[in-house]
Amino acid sequence: MRRLFVLLACCLALNLRAEPVSEYDMKAIYLYNFASYTEWPFWGRANFNFCVLGDDELGNALSRLESKKINGMRVVVARLTSLVAIRQCQVLYLPGKQHANLRRIQSELGELPVLTVGEAGSEAEVGVVLRLEGARLEGARLVFDLNLAAFQRAGLKPQETLVRLARNVRK
Amino acid sequence: MLISAVDTFMTTFSIMRAFAPSCLTFLAWAALSSSLWASDDSALSNLPFEQLLQREVVPASTLARQISQSPSAVAIVTADDIRAYGYRTLADVINSMRGLYTTYDRRYQYMGGRGFGVPGDYAGRIMVLIDGYPTQDSLFNQAYIDESGLLDLELVERVEYVPGTGSVTYGNNAMLGIINIVTRRGSDVGSTQLATEFASHGGRKQRVTVGRRFDNGADLLLSASVLASAGQDLYFPAYDTPANNRGIAQDQDSERNKRIFGKFSFEGWTIEGAYAQRRKAVPVPMRELMSFNQPFINEDENAFLNARYETDLGLSLSTSSSLYFGHYAYSDQRAFTDGDIGNREHSARWWGLDQKFVGHWFERHAVLLGFEFKDDARQLFETRYLLPVGGVSPKHTQSFERRTASVYLTDEFRVNEDWSLNIGVRYDDASDLSGNWSPRLAAIFRQSPMTVWKASYSEAFRMPNANERWRDGNQARPEYVEATELTLRHEYSPNGRLTASLYRYQQKDVYVSEMTWGSARTHGAELEYEHNWHNGTRLRSSAAWQKARDTAGQDLANSPDWLGKLNLTALLPGLPAVRGGLEVQYVGPRLTLERRPLGSYTLTNLTFSGERKWHGLSAVFSIRNLFGRDYDAVSPFTWDPGTGKDVLRMDGRTYWLQLSLDL
Numbered sequence: 130m131r132r133l134f135v136l137l138a139c140c141l142a143l144n145l146r147a148e149p150v151s152e153y154d155m156k157a158i159y160l161y162n163f164a165s166y167t168e169w170p171f172w173g174r175a176n177f178n179f180c181v182l183g184d185d186e187l188g189n190a191l192s193r194l195e196s197k198k199i200n201g202m203r204v205v206v207a208r209l210t211s212l213v214a215i216r217q218c219q220v221l222y223l224p225g226k227q228h229a230n231l232r233r234i235q236s237e238l239g240e241l242p243v244l245t246v247g248e249a250g251s252e253a254e255v256g257v258v259l260r261l262e263g264a265r266l267e268g269a270r271l272v273f274d275l276n277l278a279a280f281q282r283a284g285l286k287p288q289e290t291l292v293r294l295a296r297n298v299r300k
Numbered sequence: 005m006l007i008s009a010v011d012t013f014m015t016t017f018s019i020m021r022a023f024a025p026s027c028l029t030f031l032a033w034a035a036l037s038s039s040l041w042a043s044d045d046s047a048l049s050n051l052p053f054e055q056l057l058q059r060e061v062v063p064a065s066t067l068a069r070q071i072s073q074s075p076s077a078v079a080i081v082t083a084d085d086i087r088a089y090g091y092r093t094l095a096d097v098i099n100s101m102r103g104l105y106t107t108y109d110r111r112y113q114y115m116g117g118r119g120f121g122v123p124g125d126y127a128g129r130i131m132v133l134i135d136g137y138p139t140q141d142s143l144f145n146q147a148y149i150d151e152s153g154l155l156d157l158e159l160v161e162r163v164e165y166v167p168g169t170g171s172v173t174y175g176n177n178a179m180l181g182i183i184n185i186v187t188r189r190g191s192d193v194g195s196t197q198l199a200t201e202f203a204s205h206g207g208r209k210q211r212v213t214v215g216r217r218f219d220n221g222a223d224l225l226l227s228a229s230v231l232a233s234a235g236q237d238l239y240f241p242a243y244d245t246p247a248n249n250r251g252i253a254q255d256q257d258s259e260r261n262k263r264i265f266g267k268f269s270f271e272g273w274t275i276e277g278a279y280a281q282r283r284k285a286v287p288v289p290m291r292e293l294m295s296f297n298q299p300f301i302n303e304d305e306n307a308f309l310n311a312r313y314e315t316d317l318g319l320s321l322s323t324s325s326s327l328y329f330g331h332y333a334y335s336d337q338r339a340f341t342d343g344d345i346g347n348r349e350h351s352a353r354w355w356g357l358d359q360k361f362v363g364h365w366f367e368r369h370a371v372l373l374g375f376e377f378k379d380d381a382r383q384l385f386e387t388r389y390l391l392p393v394g395g396v397s398p399k400h401t402q403s404f405e406r407r408t409a410s411v412y413l414t415d416e417f418r419v420n421e422d423w424s425l426n427i428g429v430r431y432d433d434a435s436d437l438s439g440n441w442s443p444r445l446a447a448i449f450r451q452s453p454m455t456v457w458k459a460s461y462s463e464a465f466r467m468p469n470a471n472e473r474w475r476d477g478n479q480a481r482p483e484y485v486e487a488t489e490l491t492l493r494h495e496y497s498p499n500g501r502l503t504a505s506l507y508r509y510q511q512k513d514v515y516v517s518e519m520t521w522g523s524a525r526t527h528g529a530e531l532e533y534e535h536n537w538h539n540g541t542r543l544r545s546s547a548a549w550q551k552a553r554d555t556a557g558q559d560l561a562n563s564p565d566w567l568g569k570l571n572l573t574a575l576l577p578g579l580p581a582v583r584g585g586l587e588v589q590y591v592g593p594r595l596t597l598e599r600r601p602l603g604s605y606t607l608t609n610l611t612f613s614g615e616r617k618w619h620g621l622s623a624v625f626s627i628r629n630l631f632g633r634d635y636d637a638v639s640p641f642t643w644d645p646g647t648g649k650d651v652l653r654m655d656g657r658t659y660w661l662q663l664s665l666d667l
């Protein structure tokens with residue numbers, strides 16, 4: 130019994146704080162950068178809405194950016210569980226499990242200025258695809274692909290930096 | 005108006021405030037480190053994008069990702085863990101989980117934990133789901149977690165364990181907890197994979213798996229495998245007499261199985277099916293009149309087909325519909341001392357329909373309304389004797405049927421940013437029983453984004469299964485449990501998590517023996533710590549203490565007071581292409597069915613796996629019971645008191661090698 134406690138105590142002592150960035154935190158910062166490096170039409174509102182459809186972890190990570198501003202607008206993070214409010218989003222993140230809904234989401238958004246960001250498998254439908262590249266655990270990096278047609282449909286324009294940094298650009 | 009409503013909605017779901025330092029010093033310290041971590045973040049967001057692209061990230065692989073709003077703490081074992089620790093069956097996975105253990109009688113693996121786990125109790129009272137489909141057969145309500153189970157573990161993406169009762173969603177059987185297996189997608193496999201395995205005692209396994217994602221988004225996974233093991237000539241001291249071959253059961257431990265699995269998904273549709281057949285020789289007699297060292301062959305056949313359609317209907321309503329079919333067959337041949345051979349052939353067929361609606365009509369509420377209809381259409385028991393003189397006795401046949409209609413409703417209510425409530429109830433009405441309500445009430449308190457408390461009360465039940473109806477006739481009755489649980493989940497950093505849990509179970513109408521039933525109670529505490537480092541090192545360790553009383557108020561048999569687990573995996577220093585996985589499991593002292601104390605044991609398993617594929621080739625090599633520890637399991641076969649037949653010696657050191665090739 131005592132050995133067990135010693136064991137657990139050791140485990141707790143081993144808890145050295147790791148420095149690298151978690152996937153969620155990095156994704157959140159990427160989303161912020163996508164928004165910053167995109168030219169937005171003026172629509173005269175105080176808030177800039179980041180929406181995450183059904184991924185609480187990413188929603189939490191994004192929430193830490195709420196003190197920031199984009200084009201002078203205050204960043205607001207919405208963790209959505211349904212499609213009802215997606216027309217109010219400026220950036221909409223769609224995790225892989227939402228892929229079945231992509232067509233419905235596309236038709237719902239129409240030509241609204243909403244930048245959609247998805248995961249591998251949604252290349253044809255969303256504006257930006259985020260992918261983890263590299264071995265699963267060592268040297269993994271987050272890369273992204275752009276779909277210019279989706280930007281165009283939404284009346285958005287990626288700045289040159291964004292196009293340059295993308296791994297693949299789809300016309 | 006709409007905009008302001010939306011803004012309110014958005015603010016509601018925005019960042020949670022951290023407040024009130026915890027009373028426990030380690031939590032305070034943890035909160036400090038968490039705040040440091042949060043500030044790292046804003047520094048990062050000020051870095052130029054070019055530099056960010058060069059930063060390494062830690063994928064959200066094992067921690068946090070799938071933790072649902074379930075009122076209980078969830079434990080997860082991922083595909084990476086399965087490989088790193090060389091798991092071959094679901095029983096191996098379960099043995100690594102906090103507070104759980106399995107008992108093997110060389111026939112089946114039985115699962116135990118939280119006051120459940122009397123050996124020989126087929127109905128493990130745990131629900132095992134494969135992608136949401138409940139896999140229990142309809143005769144014994146057994147979840148097959150050994151080689152008779154439906155899945156090869158290479159097809160598993162993740163195994164989630166939700167301790168606590170689950171009758172509010174799943175009705176019958178979900179008394180101790182729910183194990184949900186999430187299978188891989190074709191795109192996760194992405195090729196054709198061939199695998200071959202070699203194991204101690206003449207074990208061989210071959211597997212072929214094909215995974216593919218098509219351009220239109222359709223995803224296909226197909227897999228088939230065969231396993232054969234000669235087994236050992238086992239020695240049982242309790243049978244050591246000249247008439248019993250000096251206690252050696254020769255060639256009575258063989259095992260073979262075959263499995264087929266397929267899954268196809270397209271848009272909202274998923275069609276999934278599996279078939280598994282296993283034949284196992286059992287080296288010890290189950291009953292007094294059975295002969296030792298004579299064939300006792302068990303065969304199990306499990307199959308299911310499940311079609312599911314999920315879609316968002318708009319108007320804040322999404323829906324999930326499933327139609328499933330299940331099949332199970334059991335047969336055995338047992339040699340009796342008088343020369344007769346007993347033969348049992350049982351089989352079952354069932355089908356069901358489950359319809360769930362999830363509505364987000366009200367701000368702060370997520371409402372789930374479900375209906376299920378299940379028809380256990382055929383539950384057939386057949387026994388006969390093959391007589392030594394060459395005849396066959398007339399078949400004795402009895403069959404049962406049960407239809408169950410159920411309705412369930414749950415509501416996740418976010419009271420404010422810190423508090424939410426999870427309220428639910430399910431009503432099950434079976435054709436042979438009176439209706440039963442299973443309620444659950446849980447309160448969740450987010451003290452900070454990193455610290456979450458959950459308290460829950462629930463009631464669950466288990467209908468008498470067909471085997472019990474066959475055995476006890478009209479006396480067969482449902483079993484009930486009331487469970488209370490408090491859990492704490494605290495995330496020290498994005499990579500470290502502590503889970504603590506206190507629980508109390510009160511059981512009613514537990515079967516004792518020969519038409520007697522009684523009440524029993526269990527309480528316990530569990531503590532688990534997990535940490536993932538950026539260099540691929542992962543640690544998971546837990547301690548569980550439980551005090552289970554049987555219906556007579558005495559310590560429950562085969563229920564160790566203490567269980568400890570340690571899992572550590574890392575890339576080998578100097579050999580970064582190889583991953584080492586070390587697993588240590590401690591099982592405390594417990595009682596046999598004859599109430600004889602049985603000492604504790606500690607098992608160590610060591611696994612090496614290739615971290616990267618070399619021309620598509622990769623390997624896993626595993627040593628189980630590394631130090632060759634001699635230990636005994638509590639045996640369910642207790643027909644001869646005082647002779648030591650109440651325990652069974654388990655395997656010493658064994659080896660296992662898996663080679664796989666991606667074409």
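These protein sequences, in sequence, are chains A and B.
Anchor point for the first sequence: position 96 equals 225 in this note's numbering, and the numbering is continuous, going up by one each time.
Anchor point for the second sequence: position 402 equals 406 in this note's numbering, and the numbering is continuous, going up by one each time.
Every residue, glycine too, gets a C-beta built ideally from N, C-alpha and C.
Quick one: is residue i near chain B, going by C-beta distance under 9 Å?
| i | result |
| --- | --- |
| G256 of chain A | no |
| K286 of chain A | no |
| G250 of chain A | yes |
| Y222 of chain A | no |
| F280 of chain A | no |
| N162 of chain A | yes |
| K378 of chain A | Chain A is shown from 130 up to 300; residue 378 of chain A falls before or after that span and cannot be answered. |
What does residue i reach in chain A if we use C-beta pairs closer than 9 Å?
| i | result |
| --- | --- |
| R59 of chain B | P149, V150, M155, R270 and L271 |
| L48 of chain B | V150, D154, M155 and I158 |
| G272 of chain B | A229 and N230 |
Per DSSP, which one or two residues make a beta bridge with residue i?
| i | result |
| --- | --- |
| L607 of chain B | B:Q589 |
| N261 of chain B | B:L231 and B:R282 |
| Q662 of chain B | B:E201 and B:V624 |
| S546 of chain B | B:E532 and B:K569 |
| W355 of chain B | B:F329 and B:D379 |
| M294 of chain B | B:F340 |
| D274 of chain A | A:V258 and A:N297 |
Show which residues of chain A have a CB atom less than 8 Å away from the CB atom of residue i.
| i | result |
| --- | --- |
| D316 of chain B | S211, L212, N230 and R233 |
| A1 of chain B | Here chain B has residues from 5 to 667 only, and residue 1 of chain B is not among them. |
| H364 of chain B | T210, S211 and V213 |
Using a Cβ-Cβ distance cut-off of 9 Å, determine whether residue i contacts chain A.
| i | result |
| --- | --- |
| L56 of chain B | yes |
| R260 of chain B | no |
| F268 of chain B | no |
| R129 of chain B | no |
| R312 of chain B | no |
According to DSSP, is residue i helix, strand or coil?
| i | result |
| --- | --- |
| H228 of chain A | helix |
| W169 of chain A | coil |
| A34 of chain B | With a pLDDT of 37 at A34 of chain B, under the threshold of 50, the modelled position of this residue cannot be trusted, and the question is left open. |
| R282 of chain A | helix |
| N162 of chain A | helix |
| S191 of chain B | helix |
| V292 of chain A | helix |
| S39 of chain B | Reliability of the predicted coordinates at S39 of chain B is poor, the pLDDT of 37 falling under 50, and the value obtained from them is presented with this limitation in mind. Of the three classes helix, strand and coil, the one that applies to S39 of chain B here is helix, per DSSP. |
| N426 of chain B | strand |
| P564 of chain B | coil |
| L56 of chain B | helix |
In chain B, what lies closer than 7 Å to residue i by C-beta?
| i | result |
| --- | --- |
| L194 of chain A | S49 |
| T290 of chain A | F53 |
Counting only Cβ pairs nearer than 7 Å, list the residues of chain A close to residue i.
| i | result |
| --- | --- |
| P453 of chain B | N189 |
| S320 of chain B | S211 and V213 |
Just the chain B side, please: which residues come within less than 8 Å of residue i by C-beta, in chain order?
| i | result |
| --- | --- |
| L294 of chain A | F53, E54 and L57 |
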